[in-house]
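In our numbering, the protein residues as written are 53 to 265.
(1) Residue 208 and residue 102: beta carbons closer than 9 Å?
(2) Using 8 Å as the cut-off, can you tell me whether the stretch 128-137 makes contact with the stretch 91-111, which would need three or more C-beta pairs spanning the two stretches below that distance?
(3) Pair every Cβ in the stretch 108-125 with every Cβ in the stretch 70-88, then say whether three or more of these pairs are closer than 8 Å.
(4) Tell me which same chain residues have a C-beta within less than 8 Å of the C-beta of residue 70, skipping the five on either side of it?
(5) Sort 113, 161 and 141 by Cα distance to residue 148 and report the nearest one.
(6) At 3 residues or longer, and completely inside the stretch 165-201: list those beta strand (DSSP E) runs for me, N to C.
(7) List the residues that DSSP assigns as beta-bridge partners of residue 109.
(8) Do three or more CB pairs link the stretch 181-199 to the stretch 245-257 at distances below 8 Å?
(9) If you draw a straight line from the alpha carbon of residue 139 to that of residue 57, how long is it in whole angstroms?
(10) Quick one: complete alpha helix (DSSP H) runs, 4+ long, within the stretch 136-168?
(11) So who's on the other strand from residue 203, going by DSSP bridges?
(12) So, does the stretch 73-84 touch the stretch 155-174, judging by three or more C-beta pairs under 8 Å?
(13) Is it the case that the Cβ atoms of residue 227 and residue 213 are separated by a distance below 9 Å?
(14) Starting from the N-terminal side, write out each stretch of the alpha helix (DSSP H) that is 4 residues or longer and does not extend beyond the stretch 210-246.
(15) Count the other CB atoms within 10 Å of the CB of residue 257; is the residue buried (16 or more) or exposed (fewer)?
(16) Using the three-state DSSP reduction, which class does residue 96 fall into: helix, strand or coil?
(17) My output table needs one value for residue 130: the three-state DSSP class, helix, strand or coil.
Quick look at the structure:
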């Protein structure tokens with residue numbers, strides 16, 4: 053059976069490198085993903101609530117309608133913790149607006165409980181943005197250690213520690229950013245992956261062109 057299985061990773065669109073925030077602005081955290089329990093934005097809010105004494109801003113971009121109950125719970129928790137002026141839930145953005153969010157990012161953070169690949173992480177790396185994520189599912193496969201800090205999924209304490217360590221140490225953030233910039237050149241493109249998929253289908257097809265599954 054294994055000889056009939058081929059894995060083709062998703063591609064990543066080329067993207068401009070992030071500039072980061074302006075010199076006098078606080079570190080800017082960017083979280084991209086639909087507000088659903090699997091993406092773990094509730095864990096992120098809990099962690100940031102423990103770091104209120106540090107300077108930071110966070111933008112969460114992603115659909116607020118996939119799970120409206122969860123999105124409201126996250127919004128209410130932001131208000132309850134007095135973080136309404138520091139964490140923005142901006143909803144699903146058009147590509148140009150999302151690119152502007154990425155452009156000013158210091159860190160990409162998404163504490164997903166599980167990902168089958170993690171395209172949002174790859175998109176951050178394509179912009180040279182260091183990642184704070186989890187070890188859930190295939191995330192460690194997609195995100196190299198030299199460009200990230202990964203913690204156990206659902207562990208708000210570990211996420212707090214990871215974020216604190218990077219927020220107070222801009223030189224460490226820069227080391228990870230350099231790793232992300234280095235890794236971006238090795239991310240597969242969509243045309244490359246389409247070719248891989250086509251070749252895999254040809255290998256699985258018989259001499260008469262019939263696909264054997």
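Beta carbons: idealized from backbone N, C-alpha and C, even for Gly.
In short, the structure shows the following:
(1) yes
(2) yes
(3) yes
(4) 154, 155, 156, 157, 179, 180 and 181
(5) 113
(6) 183-186
(7) 80
(8) no
(9) 43 Å
(10) 147-155
(11) 186
(12) yes
(13) no
(14) 222-236
(15) exposed
(16) helix
(17) helix
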